[in-house]
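Numbering of the sequence shown is given in the working numbering, commencing with residue 4 and proceeding in unit increments. Each remark here refers to the structure printed beneath this line.
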Amino acid sequence: MRIEIPYMLRQQTEGIETVEVPGKTVRECLTALKKKYPSIVSHLFDANGNLLKHFNLFLNNKNISNLDLEVRDENILFILVTIDGG
């Protein structure tokens, strides 16, 4: 599966915008991303390993929260930064 990395995290992926990772679920793919780029962990996940609340995940353009969704190699996971304000 491909993971699209937001601009603000690309320093953690050596400037790479799109990362190919193995996995059968979103969770497995995110785990593979963490193994490939360990420095991304503190920027994307909390101490319990959960995605930080200011990030949203989109699987093939559909907003998801279930990390146990099955994925295929041709899927694309987008990590988007939530912008708060008023």
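Just so you know, even glycine gets a beta-carbon here, dropped at the ideal spot from N, CA and C.
In terms of residue numbering, what span does the beta strand (DSSP E) encompassing residue i cover?
i   : result
R5  : 5–7
L36 : Counting along the chain, L36 falls outside any beta strand (DSSP E), though it belongs to the alpha helix (DSSP H) covering 29–39.
E23 : 21–23
Could you give the C-beta distance for residue i and residue j, rounded to a whole number, given that I count them as a contact under 8 Å?
i   : j   : result
L72 : V22 : Going by Cβ atoms, the distance from L72 to V22 rounds to 18 Å, so no, they are not a contact pair.
I67 : R5  : The pair is not a contact, with the Cβ atoms about 15 Å apart (cut-off 8 Å).
F2  : E17 : There is no way to answer for residue 2, as the model of the chain reaches only from 4 to 89.
What's the C-alpha gap between residue i and residue j?
i   : j   : result
L36 : L60 : 14 Å
S42 : L83 : 18 Å
G52 : E77 : 26 Å
L33 : N64 : 17 Å
Complete runs of the beta strand (DSSP E) confined to the segment 41–78 [at least 3 residues]:
58–62, 65–67
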